[in-house]
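Structure first, commentary second.
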Amino acid sequence: MKHLCQRLIWVTVGVLLAGMITQAQEYVPELGPAFLADEVASVRLTLAQTDLDFILNPDNAYSNEEWPGTFVYESSTGTDTVSNVGIRLRGNTSRNAAKKSFKVSFNTFIAGGKWNGLEKMNLNGNHNDPSMMRARMVWEYMRAQGYIAPRISHVRLYINDEYKGLYINVEHVDEEFIQKRFKHDHGNLWKCTYPADLADLGDNPEAYKFTPPWNSEQRTYELKTNNTQDDYSAIRDLCHTVGTVSDANFQCELEAIFDVDGFLRLAAVEILVGHWDNYIGNQNNFYLYERPSDGRLMMFSYDVDNTCGIEWGGNWVGQNVYDWDQWGTKPLYDRMMDVEQYRTRLGWYIRDLIDNGSFTGSAWLQHGNSLKTMLTTAALEDVYRTYDYGFDDDAFLNSLTTGWGGHVPQGIASYVNQRAPSAYSQTSDAQFPRDIQAWAYTPVVDDTLRIKAEAAGSPLSVQLHLSVDGAPYQTLSMNDDGLSGDGAAQDGRHGLKVHLPDADQVFWYTSATYSDGAQPTDPCVPAQAWISRAPNNPFRLNEVMALNSTFATDEAGGYADWVEIVNTGDVPFNVAGLHLTNRRSEPQRFTFPPFTVNGGDHRVLWCDNDPEDGPLPTSF
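If you're matching positions, the sequence shown starts at 0 in numbering that gives the first Met the number 0 and goes up one per residue.
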C-alpha cells in the first residue's frame, strides 16, 4: 500500500496540470488490464522449439517473420489465453543483445484479432538500462504532463516455460493508438527512424519513400496507415518548406502545415529527460501524424529507454538546450532555433516543467523507489539482464541514485538533480509564450462553419475574424463554455459555430488578446473554408453492410463491414477526387484512389482500414 500511495503523488501532478494544452490529444485512454500500474503481471509465450530456435539464431536477428504460438496473460484480474498469435523479435540494435525484445501480434494469423483492444504487444528488454525503469518513468512522466505517450507496465516474460526476465510492456503505435487519442483518427501516420532528418529532397513525394542502405524492407519515413493511397505529400510539404522558404515567410508557411507549438513542447520535455536518440538529437525515433482536424503534421516520440543518464557520447546533463543536435543535421530543428520567438518559447516550456515541481530529483526518487519496491524480486531473478554489460544486483538496486559507469554515468534521480538547475540557468531569458492555434472543420456541414482554437496561458479574449463572399472582416468572440463546439468548459479550448446559409466563399483567421497588448493570430494568412457542393457524378451507394458477420468475406476470409457503390450512368467514370465517410462531421474521411467504374457496374469497398484484406479498404 505504501508504494501505491507514493505513485498517487506522481499521478496527481498530471491531474493538476491537465488544463495546460500540450500536444492536442483529445482523449487519454485508461490503462486498463493490459497495463497494470501496481503489479507485475506474467506473459507466457509457447511456440514450437524449432521456431524459437530460428528466432534466436543470430543469423536471423533482423528477420521480421512471425511464428505461431500461444499467449497467456496472468494477473490479479485473471488469466487470458489467446491461441495462434504471431511472435518475432523487435527493435534495432537490441536484436543482437543477449536480452532480446519481442513483438506479439494478435492479428497476424487471425484477421481482426485483438486482445484488450490491442492488435500488437511490444515486450522490451531494456538491456542498456540497469534500472529497467527509465522508459517507464519517462513515459509516465510525459503522460502525467499531458503529452502523447504509450501506456506501459512491467511484466515477467516466460517463453516455453523459461523465465526470460523482467520486461516492459509498451503500447504499440498504430491506428488503434491514434483512435484512442483523437476524435479525428483517420490521418496519415508515419514512423520515422534513422536517418530521418526531414531534409528537403525536392517536390516529388516519391523521393521521400526511400529506405536506408542497411534495411531495404523499411522506409525511413514508414507510412503506417492509409497505405492504399501511399500519399507522402505532407512529408514533402514539410521538408520542402523547411528547405526552400525564405526567412521572411518561414514562420507563416511552417505554422500552416506543422504543429510548431506541439513540437517545441515535445522538445522541451525530451531535452529535460535527456532523450538524445530522437529527432533533434539523432534523426531517430519519432512519429508524424497528419491531423485531419487541421491538416497539420504533429510530432510525438517513442523509444525513450536512452534517457535520464544513459549516454553513448555527449554530456546530456549539461547540454545546451538550444543546441541539442550533436550528430548530423536536422533542418527543421536548426531553422526553428534561428527564430528568436521559437527559441524563447522552447526555453519557457522547459522552465514551466521545472517550475511546476514535477521535474525534481526528489519527485523522481520517490516515484522510482515505489517502482523498485514492486519490481525487485522479478528484476533480481532476471539473469538475462546481466549478460550484455555485466549488470549485477547493485546495478539495479542503486540505479536511482548511482551511476553504474560506462554508458550510465548517472543514476535516474541524480541525473534529474543535475539537469534541472542546468536547464533552468540556460533559459533565464525565456518569456511567456503568446500563441494561438486554430482549425476549421470543413467542408462546411449544415451551412455551419465550426472553428476551434487553443491559446497559450490565459488570454483576455479569443476572436474569430470572418469574411463572407468578399465582405469586410467581422470580429466575433469565441467561447470556452463547453457549448460552442469548444470541448469542455474552461479547458483552454475556444470555439464558435457560425451559420452561413448560401455562402460561397469564406475566409477566416483567429486571434488572442493578452494583457500586455500582444495579439498573435492563426493562421497568419487567412484560410479559406471549403464550402462543399454536391458534384455532378453518376455514383451512388447501392448497398451498405454494417456488422457483417456471416454474409460475405473479404479476400483474407474476414467478415469486415462493406459498402457497394454503383455507376448509375451509361459510360465509364473515374472516382478520383470523391470521398466516402461514416461521420457527417468528416466528409473527407476516405479519399477514393483513382480507378474507373464502367457504366452500370459495381465496386465493393471493405470498411476495415486493412489493405491486406482486399484491394479497396477504406480508412475507417
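Cβ coordinates follow ideal geometry from the N, Cα and C atoms, glycine included.
Residue i versus residue j: straight-line alpha-carbon distance, rounded
| i | j | result |
| --- | --- | --- |
| residue 206 | residue 188 | 18 Å |
| residue 20 | residue 264 | Model confidence at residue 20 stands at a pLDDT of 44, short of 50, so the residue's coordinates are unreliable; what they give is reported in the following sentence. Roughly 10 Å separates the two Cα atoms. |
| residue 22 | residue 400 | Its pLDDT being 47, under 50, residue 22 is placed unreliably by the model, and nothing is read from it. |
| residue 277 | residue 473 | 44 Å |
| residue 283 | residue 208 | 16 Å |
| residue 460 | residue 204 | 40 Å |
| residue 308 | residue 357 | 18 Å |
| residue 446 | residue 505 | 11 Å |
| residue 311 | residue 158 | 31 Å |
| residue 172 | residue 145 | 17 Å |
| residue 66 | residue 115 | 21 Å |
| residue 86 | residue 267 | 36 Å |
| residue 17 | residue 479 | Below a pLDDT of 50, predicted positions are generally treated as unreliable, and residue 17, at 28, falls in that range; no measurement from the model is reported. |
| residue 406 | residue 587 | 49 Å |
| residue 554 | residue 544 | 16 Å |
| residue 105 | residue 60 | 22 Å |
| residue 229 | residue 591 | 12 Å |
| residue 37 | residue 373 | 7 Å |
| residue 421 | residue 364 | 19 Å |
| residue 294 | residue 470 | 26 Å |
Close Cβ partners of residue i (< 6 Å) along its chain, the five nearest in sequence each way excluded
| i | result |
| --- | --- |
| residue 353 | 419, 423 |
| residue 602 | 564, 596 |
| residue 299 | 147, 286 |
| residue 465 | 473, 507 |
| residue 90 | 100 |
| residue 111 | 557 |
Beta-carbon separation (whole angstroms), residue i vs residue j, contact threshold 8 Å
| i | j | result |
| --- | --- | --- |
| residue 467 | residue 529 | Not really, about 14 Å apart at Cβ, beyond 8 Å. |
| residue 412 | residue 165 | Contact doesn't hold; Cβ gap of about 20 Å is too wide. |
| residue 40 | residue 72 | 6 Å |
| residue 202 | residue 235 | 6 Å |
| residue 120 | residue 103 | 4 Å |
| residue 226 | residue 275 | Residue 226 to residue 275, Cβ: 31 Å. No contact. |
| residue 425 | residue 338 | About 18 Å; that fails the 8 Å criterion. |
| residue 167 | residue 125 | 6 Å |
| residue 154 | residue 42 | 5 Å |
Residue i vs residue j beta-carbon contact at 8 Å
| i | j | result |
| --- | --- | --- |
| residue 494 | residue 483 | yes |
| residue 148 | residue 142 | yes |
| residue 536 | residue 579 | no |
| residue 570 | residue 598 | yes |
| residue 88 | residue 68 | no |
| residue 197 | residue 237 | yes |
| residue 398 | residue 389 | no |
| residue 343 | residue 429 | yes |
| residue 180 | residue 25 | yes |
| residue 349 | residue 270 | yes |
Cβ neighbours of residue i in the same chain (closer than 8 Å, five flanking residues each side left out)
| i | result |
| --- | --- |
| residue 174 | 184, 188, 223, 224, 608 |
| residue 324 | 279, 280, 332, 333 |
| residue 606 | 559, 560, 561, 562, 581, 616, 617, 619 |
| residue 435 | 452, 453, 454, 455, 458, 461, 509, 510, 511, 519, 520, 521 |
| residue 137 | 272, 274, 303, 306, 307 |
| residue 231 | 204, 205, 207, 208, 220, 222 |
Helix, strand or coil at residue i according to DSSP, with G and I counted as helix
| i | result |
| --- | --- |
| residue 41 | strand |
| residue 102 | strand |
| residue 363 | helix |
| residue 579 | strand |
| residue 239 | helix |
| residue 67 | strand |
| residue 189 | strand |
| residue 328 | coil |
| residue 354 | helix |
| residue 20 | Note that residue 20 scores a pLDDT of 44, beneath 50, so its modelled location is shaky; the value from the coordinates is reported in the next line. DSSP places residue 20 in coil when its eight states are reduced to three. |
| residue 179 | coil |
| residue 138 | helix |
| residue 218 | coil |
| residue 522 | strand |
| residue 390 | coil |
| residue 451 | strand |
| residue 256 | helix |
| residue 95 | helix |
| residue 435 | strand |
| residue 508 | strand |
| residue 347 | helix |
Neighbourhood of residue i by C-beta distance below 7 Å, restricted to the same chain and skipping five residues each side
| i | result |
| --- | --- |
| residue 315 | 273, 275 |
| residue 503 | 468, 530 |
| residue 182 | 25 |
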